[in-house]
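Have a look at the structure below, then the notes.
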Amino acid sequence: LLSRSRPARSRRAARTPALAEYFPGLAEACPSVRVLVALPMGIYAALAEEIVFRGALLGFLLRVGRERRGAVVVGALVTSIAWAMLHLGATDMPLLKLVQIFLLGLGLAALTRRWGLEAAIMAHLGTNLAGLAGMAVLGG
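Numbering (the numbering used here), first residue to last: 115 to 254.
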């Protein structure tokens, strides 16, 4: 059997493993094409992740803890840790990413408690869109 060697991954492809895996050649595309491909994923991620983590999981933990202060703290910590762990595979700096996303998760949990799930979804969507804008401007 003849085996074909895989082409070497470019430096840009190494920085965007999730997109590059699902869309071969995307890393070499112009920034506007990358944003157009990533935009629906960023919107879906904000909706799906907030519904699952802040809506369902945090809501469940608060109901089990009968909305006591300790339950709020534990619920925010558990959902933030779980949410941060979900994102670990998408970075080459896992510890920094873990801390950043954990802290963002705590903020999203606080938004959910204070103003509702819709506020957390909008904030999450804002961070995703800011990342996409950065990707378009910096070409990363």
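C-beta atoms are modelled at their ideal positions from N, C-alpha and C, and glycine is treated no differently.
Residue i versus residue j - alpha carbon distance
i	j	result
Arg-180	Val-188	12 Å
Arg-182	Leu-200	27 Å
Val-192	Arg-168	10 Å
Ile-235	Ala-162	9 Å
Leu-256	Leu-153	Residue 256 lies beyond the residue range present for the chain, which begins at 115 and ends at 254; the question has no answer from this structure.
Val-186	Leu-225	12 Å
Gly-173	Trp-229	14 Å
Val-178	Leu-171	11 Å
Met-207	Tyr-158	24 Å
Asn-242	Gly-184	30 Å
Ile-165	Gly-248	25 Å
Residue range of the alpha helix (DSSP H) that includes residue i
i	result
Met-199	183 to 200
Ile-165	No alpha helix (DSSP H) contains Ile-165, which DSSP labels as neither H nor E.
Glu-232	231 to 252
Leu-172	172 to 178
Contact under 7 Å by Cβ, residue i with residue j
i	j	result
Ile-291	Ala-198	Beyond the ends of the chain as shown, which are 115 and 254, falls residue 291; an answer cannot be given.
Leu-220	Ala-196	no
Phe-137	Val-147	no
Whole-Å CB distance - residue i paired with residue j, under 8 Å assumed
i	j	result
Ser-194	Ala-223	6 Å
Val-149	Leu-210	Not confirmed; about 24 Å, so no contact.
Pro-145	Ala-250	4 Å
Neighbour-count burial assignment, residue i, 16 or more Cβ in a 10 Å radius
i	result
Gly-203	exposed
Gly-240	exposed
Leu-217	exposed
Ala-141	buried
Leu-252	exposed
Gly-156	buried
Ala-160	buried
Ala-122	Note that Ala-122 has pLDDT 47, beneath the 50 cutoff, so the model's placement of it is unreliable and no number is given.
Arg-125	Any reading at Arg-125 must be qualified, since the residue scores a pLDDT of 44, below 50, and its modelled position is unreliable; no value is offered.
CB contact check: residue i to chain B, cutoff 7 Å
i	result
Ala-237	The chain inventory of the structure shown lacks chain B, comprising one protein chain alone.
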